[in-house]
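All letters in the sequence shown, in the order written, are residues 4 to 343 by the numbering used here.
Glycine is no exception: its CB is placed at the ideal position from the N, C-alpha and C atoms.
Being a predicted model, the structure only gives us computed values, none of them experimental.
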Amino acid sequence: MLGEYEMKPKNVVVLMGGISPEREISLRSGNAVARALKEAEFNVTCIDVKDEKIEELDRMDIDVAFIALHGYFGEDGGVQQLLESKGIPYTGSGINASRLAMDKLATKKCFIEAGIRTPDYITVTEFQELQEMQREISKLGLPVVLKPTRNGSSIGISILKNINDLQIGLEKAFGFGYELLVEKYIKGRELTVGILDDKALPIIEIKPAVEFYNYEAKYKDDRTKYLIVEKNLSERRNTVGDSSRTIGFLLPATYSNAQELAVNAHKVLGCKGFSRVDMLLDDRDNLYLLEINTIPGFTEKSLLPKAAKAAGMSFPSLCEKIVDLAFQNILVSVNEPIQN
Numbered sequence: 004m005l006g007e008y009e010m011k012p013k014n015v016v017v018l019m020g021g022i023s024p025e026r027e028i029s030l031r032s033g034n035a036v037a038r039a040l041k042e043a044e045f046n047v048t049c050i051d052v053k054d055e056k057i058e059e060l061d062r063m064d065i066d067v068a069f070i071a072l073h074g075y076f077g078e079d080g081g082v083q084q085l086l087e088s089k090g091i092p093y094t095g096s097g098i099n100a101s102r103l104a105m106d107k108l109a110t111k112k113c114f115i116e117a118g119i120r121t122p123d124y125i126t127v128t129e130f131q132e133l134q135e136m137q138r139e140i141s142k143l144g145l146p147v148v149l150k151p152t153r154n155g156s157s158i159g160i161s162i163l164k165n166i167n168d169l170q171i172g173l174e175k176a177f178g179f180g181y182e183l184l185v186e187k188y189i190k191g192r193e194l195t196v197g198i199l200d201d202k203a204l205p206i207i208e209i210k211p212a213v214e215f216y217n218y219e220a221k222y223k224d225d226r227t228k229y230l231i232v233e234k235n236l237s238e239r240r241n242t243v244g245d246s247s248r249t250i251g252f253l254l255p256a257t258y259s260n261a262q263e264l265a266v267n268a269h270k271v272l273g274c275k276g277f278s279r280v281d282m283l284l285d286d287r288d289n290l291y292l293l294e295i296n297t298i299p300g301f302t303e304k305s306l307l308p309k310a311a312k313a314a315g316m317s318f319p320s321l322c323e324k325i326v327d328l329a330f331q332n333i334l335v336s337v338n339e340p341i342q343n
């Protein structure tokens, strides 16, 4: 563990892989983070949580654990609780915020309670009859988006336009949980705002070549465009990736509102360190919050690194900053005065 007089973390363990459906993405994220931290001159050890016993952490000299796990035992508070029990500082949000953000239904309820606009919704479970679900969804109004309540990377998500096709969407989504979130489909621009140290990074607009930003569009389709959004036409920046791609634009007020909304949502859930907030902008300039990712992807296609790059921060610098934030949190707790 951390030496008594050492004020800068050097030994980092990267936790990756795991047992969730997002294992493949987690491995890609973890390996990318490990390379970046080595470039930033950290001593890095990688652990695939599925293949290696987590008890190995007890025998390691660790200053900070960088959590690159997605889904179960990564974003749901499980690994955070384990690390806290071992006294190991870790990156990102704590137990409660992780649990909340992992549960899309709980997240929506928090947003609504805080007065944050989010698409109308209902929930259905696999214990309901098909006809009952059809009636409830028809009342909400088509089209709708079917989502497993506890999954990431858009796994199991589909858009339902015809109520007679419900069975197909249910079979896809119920493979990842017994309860589904059914959201009113909002047609609009897909925006994402990265948060680092409670501050908003530049906004990125996602323009998938397919109907919505699904798993294939995120990780397999090179036609998906990621546009750095500008406040006006006079300040132009190169796009992330291919320089031939178009820059996106928002009215200055809308841009500021989106960033403020993202920071507010991050704080409402009690997130720490970093996150990524996804939202939609309709044709009336209304912003709808969708969800918060407490451990967003760190692959070559991932959005938080793209946003950091747009802010002038290299990928190694981003990873180093995240480690430093985790370390600062433990220093603050150690140095807090004892209350009588």
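Closest by C-alpha distance to residue i, when choosing among the options
| i | options | result |
| --- | --- | --- |
| Y188 | P122, F252, G159 | P122 |
| E70 | L86, K150, M63, D61 | A small correction: the amino acid at residue 70 is Ile; Glu does not occupy that position in the sequence shown. Ranking L86, K150, M63, D61 by Cα distance to I70 puts L86 first. |
| D327 | A261, D200, Y229 | D200 |
| P151 | L173, L169, Q134, D79 | L173 |
| N289 | E139, F177, G300, A261 | A261 |
| Y93 | G315, G276, K202, S320 | G276 |
| A117 | G80, E25, G273 | G273 |
| D168 | Q137, R120, F179 | Q137 |
| E132 | G144, I162, P146, Q170 | Q170 |
| E129 | G90, L108, F177 | F177 |
| L149 | I115, S317, L108 | L108 |
| D225 | S305, I115, Y75 | S305 |
| N34 | I91, G95, C322, A329 | C322 |
| Y258 | I206, R287, T227 | I206 |
| K190 | K164, G180, P24 | K164 |
| G300 | G21, I162, I22, I28 | I28 |
| I250 | L264, A313, C113 | A313 |
| V67 | Y75, R287, I119, L40 | L40 |
| V185 | I166, A203, K202 | I166 |
| I22 | P255, I57, K111 | I57 |
| V127 | V271, L183, Q134, D286 | L183 |
| L72 | K89, M105, M63 | M105 |
| A265 | G77, A329, M10, K202 | K202 |
| I91 | I65, A268, G77, E233 | I65 |
In DSSP terms, what residue i is bridged to
| i | result |
| --- | --- |
| M282 | L194, L292 |
| N14 | N46 |
| F252 | E233 |
| L199 | K202, F277 |
| M19 | D51 |
Start and end residues, alpha helix (DSSP H) containing residue i
| i | result |
| --- | --- |
| F114 | 107–116 |
| E27 | 26–42 |
| V271 | 255–271 |
Extent of the continuous beta strand (DSSP E) to which residue i belongs
| i | result |
| --- | --- |
| L307 | Segment 306–313 is the alpha helix (DSSP H) holding L307; no beta strand (DSSP E) there. |
| V185 | 182–187 |
| A59 | Per the sequence shown, residue 59 should be read as Glu rather than Ala. Note, E59: premise wrong, no beta strand (DSSP E); not H, not E. |
| L207 | Correcting the residue type first, residue 207 is Ile in the shown sequence and not Leu. 202–210 is the span of the beta strand (DSSP E), which, as asked, contains I207. |
| T126 | 124–128 |
| I231 | 228–233 |
The ligand GDP heavy atom lying under 7 Å from the CB of residue i
| i | result |
| --- | --- |
| P92 | By its list of ligands, the structure shown contains no ligand whatsoever, and the ligand GDP lies outside what it can speak to. |
How do the segment 32–48 and the segment 14–24 stand: do at least 3 beta-carbon pairs fall below 8 Å, yes or no? Short answer: they touch.
**Report entry** Those runs of the beta strand (DSSP E) which lie wholly inside the segment 130–174 and span at least 3 residues
**Finding:** As far as the segment 130–174 is concerned, its whole beta strand (DSSP E) runs of at least 3 residues are 147–151, 161–163.
Is it the case that the segment 271–284 contacts the segment 292–302, given that we only count it when at least three CB pairs across the two stretches are under 8 Å? In short, these stretches touch, since the Cβ pair count reaches three.
Do the segment 295–314 and the segment 186–203 make contact, defined as three or more Cβ pairs closer than 8 Å? Look at the beta carbons and you see the segment 295–314 touching the segment 186–203: at least three pairs across the two are nearer than 8 Å.
Could you check whether the segment 100–116 touches the segment 68–84, counting it as contact only if at least three pairs of C-beta atoms, one from each stretch, sit closer than 8 Å?
Yes: at least three Cβ pairs fall under 8 Å.
**Item:** Within the segment 68–103, ranges of the beta strand (DSSP E) (whole runs, at least 3 residues)
**Value:** Runs of the beta strand (DSSP E) inside the segment 68–103: none found.
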